[in-house]
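Residue numbers (the working numbering): 1161 to 1233.
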Ligand SMILES: [Zn+2]
């Protein structure tokens, strides 16, 4: 398993993520945020997390990583 596959798995299965990962891999949609202390499913940080739903399910990051994986082969 390479880094891209690992990251894709994390992004796809993530239920909650921290603000850093949300901003990096998703698009923040204002209004439905419910942040709480927890573990980020993407980077494993213990911090304020929110549901990936608030970041459009990290779909932009998933697309970007898939594209990067393709060009890396
Ligand atoms: Zn994170």
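By construction, the Cβ of each residue, glycine as well, lies at the ideal position given by its N, Cα and C atoms. Here the structure is a predicted model, which means the values were calculated and not measured.
Of the listed residues 1167, 1231 and 1163, nearest to residue 1219 (C-alpha basis): Here residue 1219 is taken as the residue at index 59 of the chain shown, counted from 1. The option with the nearest alpha carbon to residue 1219 is 1167.
Close Cβ partners of residue 1183 (< 7 Å) along its chain, the five nearest in sequence each way excluded: Here the question's residue 1183 lines up with position 23 in the chain shown. Closer than 7 Å at the Cβ level, and outside the excluded window around residue 1183, lies no residue.
Assigned secondary structure, residue 1209 (DSSP; H/G/I helix, E/B strand, else coil): Mapped onto the chain shown, residue 1209 falls at position 49. Here residue 1209 sits in strand by DSSP.
By the DSSP assignment, the alpha helix (DSSP H) with residue 1196 in it spans what residues? By one-based count along the chain shown, residue 1196 stands at place 36. Residue 1196 -> not in any alpha helix (DSSP H); beta strand (DSSP E) instead, spanning 1196-1199.
Looking only at its chain, what residues have a beta carbon closer than 6 Å to the beta carbon of residue 1202, apart from the 5 residues adjacent to it on each side? The residue you call residue 1202 lines up with position 42 of the chain shown. Within the same chain, residue 1202 has close Cβ partners 1170, 1174, 1177 and 1181.
With burial defined as no fewer than 16 other Cβ atoms inside 10 Å of the residue's Cβ, what is the status of residue 1200: buried or exposed? Here the question's residue 1200 lines up with position 40 in the chain shown. Looking at its Cβ environment, which holds 16 or more other Cβ atoms inside 10 Å, residue 1200 is buried.
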